[in-house]
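Q: Numbering (my numbering), first residue to last: 119 to 328. Glycine included, every Cβ here is placed at the ideal spot set by N, Cα and C.
#1: Between residue 218 and the rest of its own chain, which residues show a CB-CB distance below 6 Å, the 5 nearest in sequence each way excluded?
#2: For residue 225, does the three-state DSSP call read helix, strand or coil?
#3: In whole angstroms, what separates the C-alpha of residue 313 from that of residue 305?
#4: Alpha carbon to alpha carbon, how far is residue 276 from residue 243?
#5: Can you tell which of 150, 137 and 254 has its C-alpha closest to the C-alpha of residue 233?
#6: Given this structure, state the Cα-to-Cα distance separating residue 263 from residue 247, to the nearest angstrom.
#7: Applying the 10 Å Cβ sphere with the 16-neighbour rule, what's the burial state of residue 134?
#8: What's the call for residue 191, buried or exposed, on a 16-neighbour Cβ count within 10 Å?
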């Protein structure tokens, strides 16, 4: 996991959390991937927070818990300083996770730039197939790297009328599923007496089954 040392980047003094977040986002993209949230990554360099917040891993009824419930990321001090929170201000639940927005930005930029060599080439069915194969290869690479859960690309005839093709216009469709962030982990604790079954056999080194 990356550790961003802001004092090395910006020197000593006060700086806003936005600066820290931007630096951490860039480093996380490079070292881990754009599918990883900024939350719960150590940020080295800060020696304090201008507005301390209460926080408890087991109790959401804290200052940070309240902010998180309202889709606001805060910073905590727990084994170092780190951001805590995964949401943004999107009204669309599909993009409520910060990584969903970052994934959409990265995939779109990558595909558009990857299609640059195809622009102004003769528009034939072979070119369309090459474009589809190229985009699919890029998407599957990210699926294999576990940066996406899945993705596909296709040609939709309904989106490509004869008139549009005659005018040199081609539309290719693709979809993908971003990797969600494990935001809430619950554990169920149970007490049982089943490990006392055949107590004497266990003393003799035997094993039991239910």
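A: The short version:
#1: 296
#2: helix
#3: 20 Å
#4: 15 Å
#5: 254
#6: 24 Å
#7: exposed
#8: buried
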